[in-house]
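S.K.: Note that the numbering used here has the sequence shown beginning at 65, numbered continuously upward.
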Amino acid sequence: MADLLDRITIDPAIFGGKPIIRGRRLAVEHVLGMLAGGDDVETILAGYDWLEREDVLACVEYARRLVAHETVSPRFAPAA
């Protein structure tokens, strides 16, 4: 997994320092948005000739690790 995360970089000169893929102008956030929107990995790869499957997996792993450290408060259901 550490190898995957090596694909995620931060450059203050690109997108204000948001996480990007391999120093390119493609934000992790954008790839996650495409996945959330229903695009599959093959569709995403077709849109970026330099992008590799492992890059997309790195985005998912990056997000997983961020969420693993997040505290989530459940909603309380109204009393019936």
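Glycine included, each C-beta is placed from N, C-alpha and C at the ideal position. All of these numbers come straight from a predicted model, not from anything done at the bench.
Measuring only the C-alpha atoms, how far is T107 from L96?
M.R.: The alpha-carbon atoms of T107 and L96 are separated by roughly 13 angstroms.
S.K.: Considering only the alpha carbon of each residue, which of H133, G102, I85 lies closest to D75?
M.R.: Cα-wise, what sits closest to D75 is I85.
S.K.: Give me, in chain order, the residues of the same chain whose beta-carbon lies closer than 7 angstroms to that of I78; leave out the 5 immediate sequence neighbours on both sides.
M.R.: Excluding positions up to five away in sequence, the list reads I84, R89.
S.K.: Where D104 and G111 are concerned, what is the direct C-alpha to C-alpha distance, given to the nearest angstrom?
M.R.: The straight-line gap from Cα to Cα measures roughly 11 angstroms.
S.K.: In the DSSP assignment, find the beta strand (DSSP E) that holds T107 and state where it starts and stops.
M.R.: From DSSP, T107 is part of no beta strand (DSSP E) but of the alpha helix (DSSP H) over 105-111.
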